[in-house]
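Residue numbers (my numbering): 36 to 206.
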């Protein structure tokens, strides 16, 4: 089984990916760990692509993250299931803020070492506006149009839990 988990910042992509990996016995790749080096520096793009491509060669996987430049087309083509977490902006804001308090001064498991959790005005703007612009919404629609049989769109934690109980639990 190969699962691509994508969606808005703060929607719970990393948490879902870790859960799916644990429940299904699949390796998980968090693209934030690939994209960033300590201190929130971006990794060389070719190196990041090579790391992602190598992971995609596995028999089964869960990949968490959007990052169009990190083999997104290949991820979506190979995926048996594409999960889009398209929660509302204020729910994502709340979740991201809560996460920043939970991991204050520490690095989450889904993040590169040396990238301490932060919540600043730039990230606030990203969650509320920049990460939800017209182009991003068009990308979500294109994914749904291109891979309708394997794409599931979840718009709330309740929908997510319902989907998990129907499709994943006890797999």
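A virtual CB, placed ideally from N, CA and C, is assigned to each residue, including glycine.
Being a predicted model, the structure only gives us computed values, none of them experimental.
Alpha-carbon to alpha-carbon, residue j and residue i
{"i": "residue 89", "j": "residue 190", "result": "31 angstroms"}
{"i": "residue 74", "j": "residue 36", "result": "34 angstroms"}
{"i": "residue 95", "j": "residue 130", "result": "29 angstroms"}
{"i": "residue 132", "j": "residue 154", "result": "7 angstroms"}
{"i": "residue 106", "j": "residue 84", "result": "6 angstroms"}
{"i": "residue 68", "j": "residue 193", "result": "28 angstroms"}
{"i": "residue 119", "j": "residue 39", "result": "8 angstroms"}
{"i": "residue 187", "j": "residue 149", "result": "33 angstroms"}
{"i": "residue 172", "j": "residue 112", "result": "20 angstroms"}
{"i": "residue 143", "j": "residue 102", "result": "19 angstroms"}
Integer-rounded CB distance, given that residue j should sit under 8 angstroms from residue i
{"i": "residue 185", "j": "residue 115", "result": "6 angstroms"}
{"i": "residue 203", "j": "residue 117", "result": "Contact flag wrong, Cβ pair sits at about 14 angstroms."}
{"i": "residue 98", "j": "residue 56", "result": "Contact doesn't hold; Cβ gap of about 10 angstroms is too wide."}
{"i": "residue 42", "j": "residue 121", "result": "6 angstroms"}
{"i": "residue 167", "j": "residue 124", "result": "6 angstroms"}
{"i": "residue 135", "j": "residue 151", "result": "That belief does not hold up - the Cβ atoms of residue 135 and residue 151 are roughly 10 angstroms apart, past 8 angstroms."}
Same chain, Cβ closer than 7 angstroms to residue i, neighbours up to 5 away in sequence not counted
{"i": "residue 72", "result": "78 and 147"}
{"i": "residue 175", "result": "119 and 121"}
{"i": "residue 198", "result": "187 and 189"}
Own chain partners of residue i with C-beta closer than 8 angstroms, once the 5 adjacent residues on each side are dropped
{"i": "residue 128", "result": "45, 159, 162 and 163"}
At least three beta-carbon pairs within less than 8 angstroms, the region 156 to 175 to the region 75 to 82: Contact between the region 156 to 175 and the region 75 to 82 is absent, because fewer than three Cβ pairs lie under 8 angstroms.
Secondary structure, alpha helix (DSSP H): runs of 4+ residues fully inside the region 58 to 123: 66 to 70, 80 to 91 and 107 to 113
Any 3 or more C-beta pairs closer than 8 angstroms across the region 128 to 139 and the region 62 to 73: no
Those runs of the alpha helix (DSSP H) which lie wholly inside the region 115 to 195 and span at least 4 residues: 124 to 137, 156 to 163 and 169 to 181
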